[in-house]
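What follows is a single structure, written as structure tokens, with notes after it.
Number of protein chains: 2
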Amino acid sequence: MNQSFNAFQIVADPSRRQMLQLLSQDSMTINGLAEHFDMSRPAISKHVRILNDGGFISIQDKGRERHCTLKQDGFNELQQWIDYFDKFWLNKLKKLETLINQKSKQ
Amino acid sequence: MNQSFNAFQIVADPSRRQMLQLLSQDSMTINGLAEHFDMSRPAISKHVRILNDGGFISIQDKGRERHCTLKQDGFNELQQWIDYFDKFWLNKLKKLETLINQKSKQ
DNA sequence: TAATTAAGTAACTTTTAGGTTACGCAAAGA
DNA sequence: TCTTTGCGTAACCTAAAAGTTACTTAATTA
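If you want it as structure tokens, here you go:
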């Protein structure tokens, strides 16, 4: 498979977001995850692979089971992007305050 | 057109993210935006509509021109989602610290 | 008022994300 | 060792996202 997603595309899918949500409660095997979804196991496998490739989860093989755990890496890119715009709004607010202060001094 | 996107889908598209990036520098008309992209104007129009519907930008009509400005609303849903996992990691870190502290007391 | 400019709409095409079924393989149990 | 279980891969299908061209409309300008 040749699918390569960026962090934003990865969390754009509702099922994948739900998986991250579930894994934030507890680490799970592939089948454990699958129980929560109304789709075939291969479909689950695909999502898991995408989450793994994107650094949102890590996978520990234990015999024939694969245990999925949340991993911070994938979230970082999103975080940074959000942070950038956060600063934009904060800055805008600051400028507005300065403006109001100047007005009140007149 | 009947396209309805959630906040995550909206920022999943690289062109739309670039638009938000550009608008964080300065507000722009539709054609102003279009200059930065290698795609037809109708394609730009579509993206702008999606950003507007999602509350990521607002549009002020000035004559035949439409001026686009960043708007905070759309970012909020993303922010909240990120915050949830932020807390997850912080919490995990705290638990780890507690564990280390307990060890050192033994 | 005729021409130009800024932008939207409609209809269509292409690409791709997300799903399926069928099959294979290795680990675990009977 | 035979069967079951947990999971992956391959090939395929479908729906929808993202793009196109052709046309329209309304504001501006010559």
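Protein chains in written order, with our numbering: chain A, 1 to 106; chain B, 1 to 106.
A virtual CB, placed ideally from N, CA and C, is assigned to each residue, including glycine.
- Message: Which residue marks the beginning of the beta strand (DSSP E) containing residue 110 of chain B, and which one marks its end?
- Response: As shown, chain B starts at 1 and ends at 106. That puts residue 110 of chain B outside it, with no answer to give.
- Where does residue 106 of chain A sit, in a helix, a strand or coil, going by DSSP? coil
- Task: Name the two residues that bound the continuous alpha helix (DSSP H) containing residue 25 of chain A.
- Result: 14-25
- Item | Bounding residues of the alpha helix (DSSP H) (the contiguous stretch that carries residue 45 of chain B) | 41-53
- Query: Going by other Cβ atoms of all chains shown within 10 Å of its Cβ, with 16 needed for buried, is residue 10 of chain A buried or exposed?
  - Reply: buried
- Please decide whether residue 3 of chain A counts as near chain B, where near means a Cβ-Cβ distance under 9 Å. no
- residue 69 of chain B: which of B:37, B:34, B:25 and B:83 sits nearest, CA to CA? B:25
- Query: Of all Cβ atoms in chain B, is any one closer than 9 Å to the Cβ of residue 9 of chain A?
  - Reply: yes
- Is the Cβ of residue 37 of chain B closer than 9 Å to any Cβ of chain A? no
- For the segment 61-90 of chain A, which residues have a CB atom closer than 8 Å to at least one CB atom of chain B, in sequence order? 70, 72, 75, 78, 79, 81, 82, 84, 85, 86, 88 and 89
- Query: Under 9 Å between C-beta atoms, does residue 15 of chain A make it to chain B?
  - Reply: no
- Query: Buried or exposed: which applies to residue 36 of chain B, given that a residue is buried once 16 or more other Cβ atoms fall within 10 Å of its Cβ?
  - Reply: exposed
- Is residue 35 of chain A near the ligand MG, judged by its Cβ being under 8 Å from some heavy atom? The ligand MG is not part of the structure shown, which contains no ligands of any sort.
- Message: Considering Cα atoms alone, identify which of B:4, B:3, B:6 and B:18 is closest to residue 85 of chain A.
- Response: B:18
- Item | Secondary structure of residue 60 of chain B, DSSP reduced to three states | strand
- Item | CA-to-CA distance, residue 80 of chain A to residue 63 of chain B, given in whole angstroms | 37 Å
- Item | Partner residues on chain B for residue 24 of chain A, Cβ-Cβ distance less than 7 Å | 85 and 88
- Item | Option in A:14, A:15, A:3 and A:20 with minimal Cα separation from residue 74 of chain A | A:20
- Task: Check the DSSP bridge columns for residue 29 of chain B and list the partner residues they point to.
- Result: B:67
- Task: Out of A:32, A:101, A:22 and A:89, point me to the one whose CA is closest to residue 56 of chain A's CA.
- Result: A:22
- Query: Closest to residue 44 of chain B by CA distance: which of B:16, B:54 and B:65 is it?
  - Reply: B:16
- Return helix, strand or coil for residue 79 of chain B, following the three-state DSSP convention. helix
- Query: What residues of chain B sit near residue 12 of chain A, judged by a beta carbon separation below 7 Å?
  - Reply: 8, 9 and 12
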